[in-house]
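J.:
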Amino acid sequence: MPATEAQAIRLTQQGDILSSALPPLLVQAEKVAASVILGIHGRKAAGPGESFWQYRPYAFGDSTQRIDWHRSSRADGVFIRENEWESANTLWVWANTSARMDYKSHLANVTKRDRAQLIAAAMACLAVRGHERVGALGSLRNAAHGRVALSRVTQHLSTISEDAMPRPKGMQRRAAAVIVSDFLDDARELKSALTSVASSGLRGHVVQIADPAEESLPFDGRIEFKGFDLPSTYLARKTEDLRADYVKAYAAHRNMLRDLSRSLGFSFTVHRTDQSAAQVLLSLHLQVSGRAMSPQASGAAR
Amino acid sequence: MNAILQSLQFGTPLALLGLIALPVIWWLLRFTPPRPRQLQFPAIRILLGLPNQQETPDKTPWWLLLLRLLLAALFIFAVAQPFLQPKGTNVLPAGHRLIIVDNGWAAAKDWTARRNFLIDALEQARIDGTPVTIATTAGNVPINATAIAASQALDQARLLKPLALPTDRMALLPRLENAKLNGVASVLWLADGLDAASSAPFTDALQKLSPTAVVRVFAPDANTSPLALGAIDVKGAEIKVPVMRAADNTAISATVEARAANGRVLQEVPVEFGDTLAANAIITLPLALRNEVLSLSIKDQNHAGAKQLFDDRWRRRSVALEAGVASEQSQALLAPLHYLRRGLEPFAELYEPTSEAELQGLMDSGLTMMALADIGSLDEARTKSLTDFVERGGILLRFAGPRLAAGPDTLLPVRLREGDRTLGSALSWETPQGLAEFPEQSPFAGLAIDPDIKVQRQVLAEPDAEIADRTWASLTDGTPLVTAEKRGKGLIVLFHVTSNAGWSNLPLSGLFLNMLQRIAGLDAASTNTSSTSGDGQYVPRQMLTGVGDLVSADGSARPLSPADFAKANPTSQTPAGLYVRQGREHALNLVITAEDLKPMPATFSGAEMAAYEALPRTNLAPLLFAFAAAFFLLDTLITLIMGGFNIRKPVAASLTAVALLMIFPPPHGNAQEVSGAAALQSRLAYVETGDDEIDRTSKQGLQSLTYFMTERTSAELAEPDGINLESDELAFYPLIYWPVPETTEALSANVRTKLAAYMKNGGMVFLDTRDGGVDLDNASGNQALQTLLAGLDLPLLEPVPDQHVLTRSFYLLDRFPGRFEGPRPWVESRVGDAEGDPNGNDGVTGIIIGSNDYAAAWATDDNGQPLNAVVPGSDRQREFAFRTGVNIVMYALTGNYKADQVHVPAFLERLGQ
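Going down the list, the protein sequences come from chains S and U. Under our numbering, the residues of the first sequence are numbered 4 to 305, in order. Under our numbering, the residues of the second sequence are numbered 41 to 953, in order.
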């Protein structure tokens, strides 16, 4: 699908541009040495890796093969050369690209889908630049390093899928997942989907994309509302009279989502399409790199 | 209410069938609710979860339904064209209705109204459902025996046209009887109002025709009865035509027009009736123009009776020429007929018969004049035929010559002496003679004598008692030059000189031409049209319509034999118009006498009289349509509101804005520029007088002067300002134009000081009294100016002297016109002040007082079109007004710079040495 490919390339470029202002993303690592796949960023500790970390005197139990004879010959003791522990984490990204996301009200400049794809792609870019492995949640491919992986991710992001929720399977534990969607789904479905993400061992970062019109219902008069994914319609005789109730219901839905995320240990970010994408990217960057943890989220992480 | 219902009628009642459709419309409308706006919305799940979901109706509200049904019903009723017409006394019995229309020339004047009335009557018949028969009184149109439906008759009526014929009502009666109309219930006679000696017997006959029928006669208002023209009478140069009116007609004057074939009006003659019923219009036209006359008509009386056609009998003369000398081709200028031919050509048809038979034929077909140039003796047969010709009314014009001098005959006005008389030859004591003044009774009277005309030879008349009466022109010594004698109905005229330049130079002069014209124009009516010996018929070429238009004759017009033509009257087969026989046009005119114009009696026994007045009819259709439209708008509005269109805010805002605009119009763009912006660029200024008219003119005038300056000079001035002397700073303006209003108050001390300082510091005030000629010497000069200048410290003034800088500061000017070509403006005098520096301004005047309303001359609109006419008014004057303005502004800008130019020759001389 050349169109999709072109779209994917464009998405990559946009993600690059958007993420260029931020430092490379190092996905926060758990303080467990469970990560077995070697990466190339150090953990400020000796361990498996390729770059030099320190020389230390030979101790009992060390393999003689690890003795650095060059260093030992210049001194009296026998030294072992230790490399820095280098490991890479994995960032999984997922953006909702269903028909429902293809919505732009008069108050916004871009559709929700565009924004969701952009955020996911930018996060992937950041991770690639931090030499993390990236992968698209829901794609059949494994996470991988480098631009190739990035291009696979953006390609998957730019294909339009009707899946409303991510269905991770056999994911690596302790990896991070950025889930971008409008989450205007049934509460029960949402719960089961997010729980399955959590139970697969991923640490989720939930980003809710909202069109300003969805928050405020800025319509007047007699309107027949039609859903994107639902066959049912709703006829409002005077929409302006509905507004207060609607706003309340919408807020309740969002609170439900926030509570759900927190209970699963996920971070929760809201982004409106009339706001700048850089803003949400910054906050996501902090969340994912573990530097700006909300008390609850850090508590959950601990 | 009942009466209203009774008088309610429908133009097209069948349209009411549409009301049957109303239930269907009701059924349709019930099931189509107004359509809501549709909107795709992602958060539909949340909307669906809202607790108080409203149930929308799927049916139209009953009141909206009612509104729409009413709208449909109104529309159907409106299409049915309802109208209110009180029935009252005008009701005619149902049954066969006979409508008789006078369609002669007398009806043509108000034909449109007449026909509309007929159409109304037929409409009424159609509504009443009665069959009709239409009969016309002019023309011989047969009548259908069977009555036709009124709707068919309507088509007939629309095609009905008035004819250029008199009505012949009695001739209609046998046709009516032949048609054997049965069951006639009512007879309507749309009369033309003229009696025509037949109206009373005609109504009687109508009543006899169908004794049970109601006879109603419609008579027009007598005031509007037509004027008519009688027969044309041409006497000499005068065309006399009687204009007649009916007794009741209140017209006191009329205008008779003579028109050419192309419709051009050659002359209009007003006619006053006074107390009489007829008055003569007398038209006098130069011969050449008279030949162009095609018709005489009464202005604004568009009917055939007010038109008389002119024909060849009164128009082109036919003249036969004959000369005694045949060999004339080689020397045209010496030929005896050359000058005659050239002189008569413009207004006469010339023939030069080569045989006796041809000449005889010409005489028979109406020859006007026979010209014989120097034919001596005539043989017996010629003498007889010519005598005949003259006796019947022809003009015989003869010229003398050697042959005539040798052998005179009887066809001469005077007896001639044998031989001729030579004046001014080598062997004569006498000198060539000029012409004397034409005698009073001569047709040449009034022609100017050309002093260059000299007669060298002539034939002499035997003096006798009658010679003075027969002399039309004579020489200065009293010998006759042109003599004439009436013989029978005709005339014999003799020129005692040749028709070429051999004996005199008379034929070379313009006078000769005029004399020939006068002779040819004589007694035109006396031409002998009674001749019947020619063959051929009078073929109709053009015919008059009832409204007096001349159109090509159609196939129905038949030719007339010469015998019939003389006594012919226009009929439907031989309509009034122009007929042609042997290439000559003859007019067949309507013969209308005062008798024909008698109005018909006011009442007839047994018949109802009625006026041509339409029944008062109130048409309801427009009202219903208007209501339907209003309902439609209302429905649209309701639909909009129900569809969610928020009508309140934008509409209310715009309505408020409109209302506010109407109450408080935006302020006139007259804001005063008091800030320092005025100082940034040079600009002219005018004093605001408070009179809007004057201020506007000042503004426009200075604006266009500024534009003119920019175009013509290198001075680029900014938009002029209006200033208030009290409050504004004057120093910024090089020149202040100050129109003096008619009344003004004295200046305040403050303003006086300001003005004095302004002028002292090099400013220039240009006062304009705008009256086109103030005389400052005169104590009773412009009062307002005196009031204004009172108390102002002014130097001695004088009119702009010839060498003043104002006369050459840009253009060289010797006058200073504005809107008026008034006197020169006044400036500070330099008399007795050789250095010319009375107030330290290098002799530049601080005040200019003009009077020619300069701003008005300059003022133009946005398109550059001048707004005020200049007096006396020429583009040149306006140009000079602008130049004056340029000079004044340049003077204000450059001071006495140009005065130095006086010394230029001296400088040049010095440089050259």
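Cβ atoms here follow ideal geometry from the backbone N, Cα and C, with glycine treated the same way.
#1: Check whether the Cβ of residue 104/U lies closer than 8 Å to any Cβ atom in chain S.
#2: Kindly indicate which three-state DSSP category residue 251/S falls into: helix, strand or coil?
#3: What residues match up with residue 236/S in a beta bridge as DSSP calls it?
#4: Just checking: is the beta-carbon of residue 235/S within a distance shorter than 8 Å of some beta-carbon in chain U?
#5: Flag this pair as yes or no: are the beta carbons of residue 490/U and residue 549/U separated by less than 8 Å?
#6: Should residue 280/U and residue 433/U be called a contact, given that it needs their Cβ atoms to be closer than 8 Å?
#7: Identify whether residue 783/U lies in helix, strand or coil by the three-state DSSP scheme.
#8: Once you ignore the five residues that flank residue 185/S on each side, which residues in its own chain have a CB closer than 6 Å to its CB?
#9: Would you say residue 740/U faces chain S, with C-beta separation under 8 Å as the test?
#10: Roughly how many whole angstroms lie between the Cα atoms of residue 78/S and residue 272/S?
#11: Take residue 403/U and list the residues in its own chain whose beta-carbon comes closer than 6 Å to its own, dropping the five residues that flank it on each side.
#12: With three or more C-beta pairs closer than 8 Å as the rule, is the region 646-661 of chain U touching the region 617-637 of chain U?
#13: Check whether the Cβ of residue 49/U lies closer than 8 Å to any Cβ atom in chain S.
#14: Is the beta carbon of residue 50/U sitting closer than 8 Å to the one on residue 164/U?
#15: By Cβ distance, which residues of its chain are closer than 6 Å to residue 165/S, with the 5 residues on each side in sequence left out?
#16: What span of residues does the beta strand (DSSP E) with residue 554/U cover, start to end?
#17: Which one or two residues does DSSP pair with residue 58/S in a beta bridge?
#18: List, in chain order, every chain S residue whose beta-carbon is nearer than 7 Å to that of residue 76/U.
#19: Looking at the secondary structure, which residues open and close the beta strand (DSSP E) in which residue 619/U lies?
#20: With 16 other CB atoms within 10 Å as the buried threshold, where does residue 586/U fall?
#21: Check whether the Cβ atoms of residue 140/S and residue 179/S lie closer than 8 Å to each other.
#22: Apply the 10 Å Cβ neighbour rule to residue 87/S and answer buried if 16 or more other Cβ atoms are within range, or exposed otherwise.
#23: What in chain S is Cβ-close to residue 80/U, meaning under 9 Å?
#24: Taking its Cβ as the centre, do 16 or more other Cβ atoms sit within 10 Å of residue 646/U, making it buried, or is it exposed?
#25: What is the DSSP secondary structure of residue 951/U, counted as helix, strand or coil?
#26: Going along the region 243-267 of chain S in order, which residues come within less than 7 Å of chain U, judged by CB to CB distance?
#27: Report the rounded CA-to-CA distance for residue 642/U versus residue 248/U, giving the unit in angstroms.
#28: Does the structure place the region 857-867 of chain U close enough to the region 903-921 of chain U that three or more beta carbon pairs sit under 8 Å?
#29: Give the residues of chain U in contact with residue 187/S, contact being defined as C-beta atoms less than 9 Å apart.
#30: Using a cut-off of 9 Å between C-beta atoms, extract the partners of residue 222/S located in chain U.
#31: Just to confirm, is the Cβ distance from residue 200/S to residue 123/S under 8 Å?
#32: Three or more beta-carbon pairs under 8 Å between the region 217-233 of chain U and the region 245-264 of chain U, yes or no?
#33: Please report how far the alpha carbon of residue 1023/U lies from the alpha carbon of residue 798/U, in whole angstroms.
#34: Looking at chain U, which residues of the region 105-132 of chain S have a Cβ within less than 7 Å of any of its Cβ atoms?
#35: May I ask which residues mark the beginning and end of the alpha helix (DSSP H) holding residue 159/U?
#36: Out of 325/U, 297/U, 312/U, 268/U, point me to the one whose CA is closest to residue 274/U's CA.
T.: This is what the structure holds:
#1: no
#2: helix
#3: Its beta-bridge partners are 229/S.
#4: yes
#5: yes
#6: No, these two residues do not count as a Cβ contact at 8 Å.
#7: Coil.
#8: 115, 212
#9: no
#10: 56 Å
#11: The residues are 429.
#12: no
#13: No, its Cβ sits nowhere closer than 8 Å to a Cβ of chain S.
#14: Not in contact: residue 50/U and residue 164/U (Cβ atoms no closer than 8 Å).
#15: 101
#16: Segment 550-560 is the alpha helix (DSSP H) holding residue 554/U; no beta strand (DSSP E) there.
#17: 84/S
#18: 225, 226, 227, 238
#19: 617-621
#20: buried
#21: no
#22: buried
#23: 106, 228, 229, 230, 231
#24: Per the 10 Å Cβ criterion, exposed.
#25: helix
#26: Look at the region 243-267 of chain S: the residues with a C-beta under 7 Å from a C-beta of chain U are 245, 248, 249, 252, 253, 256.
#27: 20 Å
#28: Because the criterion of three Cβ pairs below 8 Å is met, the region 903-921 of chain U and the region 857-867 of chain U touch.
#29: 82, 83, 84, 85, 86
#30: 77, 79, 81, 684
#31: no
#32: yes
#33: This structure leaves residue 1023/U out entirely; chain U is present only between 41 and 953.
#34: The residues in question are 106.
#35: 151-168
#36: 325/U
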